[in-house]
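Residue numbers (the working numbering): 55 to 243.
Below: one structure, written as structure tokens.
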DNA sequence: CTCCCGATAT
DNA sequence: ATATCAGGAG
């Protein structure tokens, strides 16, 4: 139905940072204006922080996100020759990028399966279905890595997120419509 | 663990 | 009114 809109690695990275605790629908409303004004890491580096906050305000956590985006542009330009690193360890060290965002950029941007993206949906569905009892996303990821073949890591997260948004919702899961009903540990009977 | 935070669904 | 949204940093 809906996912983040992006044309390149830069846009994917920025959109994913903005998507923290925010719907991708809302991110997609903001990014056309954002990418017109700030089309690359260099423009983030040179950006006016107040203006950046204004543009991304509706995505929430806008002060932290704007600060992180400017710091990210600065670091990429000054320490990485203007190029986003293509390995998980380096990505995680960048401002605003944690494990979830790093795995997302690696998989969807560079096409490299560095791990399983564990966001709020993947965490919730993994618990409900019975794939992991852990609450720490990093531990959930370790459990999933054991179960899912590496070639399916990227598509697996996409499917769980789509299923989590459409059927196995946080508030009111529609178990009667669920195709995993027979396999689910915690279905509502 | 707490804080960051606006928009939307329930 | 409250829970939730492709989380991350201190």
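All C-beta atoms, glycine included, are put in the ideal place defined by N, C-alpha and C.
query, result
"To the nearest angstrom, report how far apart residue 151 and residue 162 are at their CA atoms.", "15 angstroms"
"Along the chain, where does the alpha helix (DSSP H) containing residue 104 start, and where does it finish?", "103-110"
"To the nearest angstrom, how far is the alpha carbon of residue 211 from that of residue 177?", "10 angstroms"
"Near residue 166, which residues of its chain fall below 6 angstroms by C-beta distance, leaving aside the five closest residues on each side in sequence?", "160"
"For a quick check, are the C-beta atoms of residue 94 and residue 109 less than 8 angstroms apart?", "no"
"Given residue 198, which residues of its chain have a CB within under 6 angstroms of its CB, disregarding the five upstream and five downstream residues?", "170"
"Is the number of C-beta pairs between the stretch 89-108 and the stretch 139-158 that are closer than 8 angstroms three or more?", "no"
"On the criterion of 16 or more Cβ atoms from any shown chain inside 10 Å, does residue 233 qualify as buried, or is it exposed?", "exposed"
"Within 10 angstroms of its Cβ, does residue 173 collect 16 or more other Cβ (buried), or is it exposed?", "buried"
"Nearest to residue 66 by alpha carbon, out of 106, 98, 85?", "85"
"Tell whether a beta-carbon distance below 8 angstroms holds between residue 82 and residue 106.", "no"
"When you compare the CB positions of residue 98 and residue 127, do they come within less than 8 angstroms of one another, or not?", "yes"
"With 16 as the cutoff for other CB atoms within 10 Å, does residue 72 come out buried or exposed?", "buried"
"DSSP state of residue 202, grouped into three classes?", "coil"
"Alpha carbon to alpha carbon, how far is residue 205 from residue 118?", "34 angstroms"
"At the level of alpha carbons, what is the spacing between residue 78 and residue 61?", "15 angstroms"
"Under DSSP, the alpha helix (DSSP H) around residue 92 begins and ends at which residues?", "Counting along the chain, residue 92 falls outside any alpha helix (DSSP H), and DSSP gives it neither H nor E."
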